[in-house]
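> Protein chains in written order, with my numbering: chain A, 1 to 156; chain B, 1 to 411.
(1) In chain order, what residues of the region 376-396 of chain B put their CB closer than 7 Å to some CB of chain A?
(2) Would you kindly report the start and end of the unbroken alpha helix (DSSP H) that includes residue 425 of chain B?
(3) For residue 19 of chain B, which three-state DSSP category applies?
(4) For residue 58 of chain B, which residues does DSSP report across the bridge?
(5) If we ignore side chains and look at the alpha-carbon of each, how far apart do residue 337 of chain B and residue 48 of chain B end up?
(6) Name the chain A residues that come within less than 8 Å of residue 189 of chain B, Cβ to Cβ?
(7) I'd like to know if residue 147 of chain A contacts chain B, where contact means its C-beta is closer than 8 Å to some C-beta of that chain.
(8) For a quick check, are the C-beta atoms of residue 375 of chain B and residue 20 of chain B less than 8 Å apart?
(9) Within 10 angstroms of the Cβ of residue 349 of chain B, are there 16 or more other Cβ atoms? Answer buried if so, exposed if not.
(10) Three-state secondary structure (DSSP) at residue 14 of chain A?
(11) Going by DSSP, what residue range makes up the alpha helix (DSSP H) through residue 179 of chain B?
(12) Between the Cα of residue 155 of chain B and those of B:310, B:344, B:403, B:367, spot the shortest distance and give me the residue it belongs to.
(13) Does any residue of chain A have a CB that is nearer than 8 Å to the CB of residue 349 of chain B?
(14) Does the beta-carbon distance from residue 306 of chain B to residue 339 of chain B come in below 8 Å?
(15) For residue 277 of chain B, which three-state DSSP category applies?
(16) Alpha helix (DSSP H) containing residue 66 of chain A: first to last residue?
(17) Got a sec? Which residues, its chain only, sit under 7 Å from residue 219 of chain B by beta carbon, not counting five neighbours each side?
(18) Within 8 Å of any Cβ in chain A, is that where the Cβ of residue 251 of chain B sits?
(19) Output, in sequence order along the chain, the residues in the region 45-78 of chain B whose CB is closer than 8 Å to any CB in chain A.
(20) So residue 146 of chain B packs on residue 80 of chain B, CB below 8 Å; how close in whole Å?
(21) For the alpha helix (DSSP H) holding residue 248 of chain B, just list the boundary residues, first then last.
(22) Note down, in chain order, every chain A residue with its Cβ under 7 Å from the Cβ of residue 197 of chain B.
(23) DSSP three-state label for residue 352 of chain B, please.
(24) Is the beta carbon of residue 197 of chain B closer than 8 Å to that of residue 150 of chain A?
(25) Of the residues that make up the region 31-46 of chain A, which ones have a beta carbon closer than 8 Å to any beta carbon in chain B?
(26) Distance check for residue 74 of chain A and residue 23 of chain A, CA to CA, integer angstroms please.
(27) List the residues of chain B whose Cβ lies closer than 7 Å to the Cβ of residue 27 of chain A, in chain order.
(28) Return the chain-ordered list of same chain residues with a C-beta closer than 6 Å to the C-beta of residue 36 of chain B, the five sequence neighbours on each side being excluded.
(29) Just to confirm my understanding: we take residue 12 of chain A, look at its own chain, exclude 5 residues before and 5 after, and list those with CB closer than 6 Å. What are they?
(30) For the region 71-83 of chain A, enumerate the residues whose C-beta is nearer than 9 Å to any C-beta of chain B, in chain order.
(31) Would you tell me roughly how many angstroms separate the C-alpha atoms of residue 42 of chain B and residue 248 of chain B, rounded to the nearest one?
(32) Report buried or exposed for residue 345 of chain B, applying the criterion of at least 16 other Cβ atoms within 10 angstroms of its Cβ.
(33) At 7 Å on the CB atoms, spell out the chain C contacts of residue 65 of chain A, in chain order.
(34) Give every residue of the same chain whose Cβ lies closer than 7 Å to the Cβ of residue 216 of chain B, excluding the five residues on either side of it in the sequence, and list them in chain order.
(35) Quick one: which chain A residues come within Cβ less than 9 Å of residue 140 of chain B?
(36) Look at the Cβ atom of residue 125 of chain B, then the Cβ atom of residue 131 of chain B, and state whether they are nearer than 8 Å.
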């Protein structure tokens, strides 16, 4: 096993979920290449080969728009997530690229005190290794359930 | 101590008031099942395109009743209760699939694709022992069968023998606006569902409420996608419970009514870094950029620019609703068009720039009225009646919902 690669990928994933859970949403786009792709979809859509996403962006600019909409436009009750990422399998594609599959769970904590298991699923990542810092060329978030409680504001 | 008032009378003010117990009362919820979903209504089941092949089936709900929708060997669509005639177990345990017949897993009673009981395991017993009595009628408790109709690729069902045809139920104007969107064979792009912490009627009111759109949804108004000074209108159809609202973008977009009123909707200076998502194509050739259409009691057809979807509104208890979204395009779409629809899908669904707020706000009402069963909301924008209107600063289609609802419910 390529231990260094494994740790590089796990460190990227850890920094990624800490940014989300610490409400540093402005940092979120910087985890992606400028032409990076990000999708959230359901396992059902993914397995049936249906292209619909819950969130879909094909550039860092679209991710930045998502953040500014959440900060300045959209109305939703105060909430946070606590992510747990585990079981990361890493595979080197070439000198500059790796693929990784991880499990994740996100607990959502509402301002009312309610904590629920909001989402579980897989991160299907394609990671660019030779950029300034390792970052996502593509991140597909496949949630296990086809249903979402109330709304999905903060990205997963 | 119960918060439900003894009286169940509608407020004397009529359609301009909606009593809060209507969203809270278990008895009302039970009565809705019988009088609305199992009564004289057309209930949305899905798209014809979801079941293209003979033998295809899907499971869904009419009200709380689990149902199976099938395309049989003749190519006809059927809908029947997802309940075995024997002990009542679910017949179909999958969301969708393709089968020749349907067998209950419990005791292997078997049904054809129209929901007829075709065989009872060990009906005559084994070696002369056991089995059912000669005069038994195992089919007498068969799953209930619905009358199914397809209108412009949309599939609806009713248990009522006396329902008028779908087009008469929704009225000619609403029917025409369905045909407008369902103009060509469609292909499914995918789906998901959203579980809302509110009574189903709060969501259905929300979809019909054109007044809130530019006030709650800042994304719309900031980019002048749906400002009320733009051209548009509201059409109320059928018995009041069906409606269409539409907006024609670009007209009058220089108005400053919002700025003058100092509303939250326009905080200024907010721009998209990637505005390509909103570069829509006038594919209907009529300049209408937004059309939201509902059919009582639980169907929504949506055109938001080039983002097309149907939504099925399912009651899940007094304070719960499941909203099932299915996004679609046309079979004739090229890759570019599909990509545009997929990008604009960011506007809708649980994470939609527009729709996510609807998920939240109906829950705010459900929670807000927890101690106010005996009170009522005020629905007087645009008057107290039910009529089509050129202004969208109106709650006419919300009152239309209550008009039809009250007739069904005898309230």
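Each residue gets a CB set at the ideal place from its N, CA and C atoms; glycine is no exception.
The structure displayed is predicted, hence computed values, not measured ones.
Let me spell this out:
(1) Residues of the region 376-396 of chain B with a C-beta less than 7 Å from any C-beta of chain A: none at all.
(2) With chain B running from 1 to 411 in the structure shown, residue 425 of chain B is simply not present.
(3) Residue mapping note: residue 19 of chain B aligns to position 19 of the second chain, counting from 1. Note: residue 19 of chain B maps to strand in three-state DSSP.
(4) Within the second chain, numbered from 1, the residue matching residue 58 of chain B stands at position 58. Residue 58 of chain B pairs with B:69, B:96.
(5) Within the second chain, numbered from 1, the residue matching residue 337 of chain B stands at position 337. Within the second chain, numbered from 1, the residue matching residue 48 of chain B stands at position 48. Approximately 22 Å between the Cα atoms of the pair.
(6) Here residue 189 of chain B refers to the residue found at position 189 when the second chain is read from its first residue. Per Cβ cutoff of 8 Å: 50, 51, 52.
(7) For the purposes of this step, residue 147 of chain A is taken as the residue at position 147 of the first chain. True, the Cβ-Cβ gap to chain B drops below 8 Å.
(8) Counting from one through the second chain, the residue named residue 375 of chain B turns up at place 375. Counting from one through the second chain, the residue named residue 20 of chain B turns up at place 20. In contact: residue 375 of chain B and residue 20 of chain B (Cβ atoms closer than 8 Å).
(9) By 1-based counting over the second chain, the position of residue 349 of chain B is 349. Buried, by the Cβ-count rule.
(10) Translated into positions along the first chain, residue 14 of chain A becomes position 14. Here residue 14 of chain A sits in helix by DSSP.
(11) Residue 179 of chain B sits at position 179 when you count from the first residue of the second chain. Note, residue 179 of chain B: alpha helix (DSSP H), 172-181.
(12) For the purposes of this step, residue 155 of chain B is identified with residue 155 of the second chain, where counting begins at 1. Per the Cα distances, B:310.
(13) For this step, residue 349 of chain B is matched to residue 349 along the second chain. With 8 Å as the cut-off, residue 349 of chain B counts as an interface residue toward chain A.
(14) In the second chain, the residue the question calls residue 306 of chain B occupies position 306. In the second chain, the residue the question calls residue 339 of chain B occupies position 339. No, these two residues do not count as a Cβ contact at 8 Å.
(15) The sequence position of residue 277 of chain B within the second chain is 277, counting from 1. Helix, per DSSP.
(16) As a position in the first chain, residue 66 of chain A is number 66, starting the count at 1. Its alpha helix (DSSP H) spans residues 60-68.
(17) Taking the second chain and counting its residues from 1, the one referred to as residue 219 of chain B is at position 219. 353, 354.
(18) Within the second chain, numbered from 1, the residue matching residue 251 of chain B stands at position 251. For residue 251 of chain B, the pLDDT reaches just 38, beneath the cut-off of 50, and the residue's location in the model is therefore unreliable, although a value from the coordinates is still provided. At a cut-off of 8 Å between beta-carbon atoms, residue 251 of chain B makes no contact with chain A.
(19) none
(20) Residue numbering aside, residue 146 of chain B sits at position 146 when the second chain is read from its first letter. Residue numbering aside, residue 80 of chain B sits at position 80 when the second chain is read from its first letter. With a Cβ gap of about 7 Å, residue 146 of chain B and residue 80 of chain B count as contacting.
(21) On the second chain, position 248 is the one that residue 248 of chain B refers to. Here residue 248 of chain B belongs to no alpha helix (DSSP H); instead the beta strand (DSSP E) covers 242-248.
(22) One-based indexing of the second chain puts residue 197 of chain B at position 197. Chain A residues near residue 197 of chain B: 150.
(23) Position 352 of the second chain, counted from the start, is the residue given in the question as residue 352 of chain B. The answer is coil: DSSP assigns residue 352 of chain B none of H, G, I, E or B.
(24) Locating residue 150 of chain A in the first chain gives position 150, counting from the first residue. Locating residue 197 of chain B in the second chain gives position 197, counting from the first residue. Cβ atoms of residue 150 of chain A and residue 197 of chain B: closer than 8 Å.
(25) 40, 41, 42, 44, 45
(26) Here residue 23 of chain A is taken as the residue at index 23 of the first chain, counted from 1. Here residue 74 of chain A is taken as the residue at index 74 of the first chain, counted from 1. Whole-angstrom Cα-Cα distance: 16 Å.
(27) Indexing the first chain from 1 puts residue 27 of chain A at position 27. Those within 7 Å of residue 27 of chain A in chain B number zero; the least Cβ separation is about 16 Å.
(28) As a working mapping, residue 36 of chain B is identified with position 36 in the second chain. These residues qualify, in order along the chain: 297, 408.
(29) Here residue 12 of chain A is taken as the residue at index 12 of the first chain, counted from 1. So the qualifying residues of the chain are 134.
(30) 72, 73, 74, 75, 76, 77
(31) For the purposes of this step, residue 42 of chain B is identified with residue 42 of the second chain, where counting begins at 1. For the purposes of this step, residue 248 of chain B is identified with residue 248 of the second chain, where counting begins at 1. Whole-angstrom Cα-Cα distance: 30 Å.
(32) The residue labelled residue 345 of chain B in the question sits at position 345 within the second chain. Result: buried.
(33) Of the chains in the structure shown, none is chain C; the protein chains are A and B.
(34) Along the second chain, one-based indexing puts residue 216 of chain B at 216. Hits under 7 Å: 357, 361.
(35) The residue you call residue 140 of chain B lines up with position 140 of the second chain. Those do not exist, as residue 140 of chain B stays about 36 Å from chain A at its closest Cβ, beyond 9 Å.
(36) Translated into the one-based positions of the second chain, residue 125 of chain B becomes position 125. Translated into the one-based positions of the second chain, residue 131 of chain B becomes position 131. Going by C-beta atoms, residue 125 of chain B is nearer than 8 Å to residue 131 of chain B.
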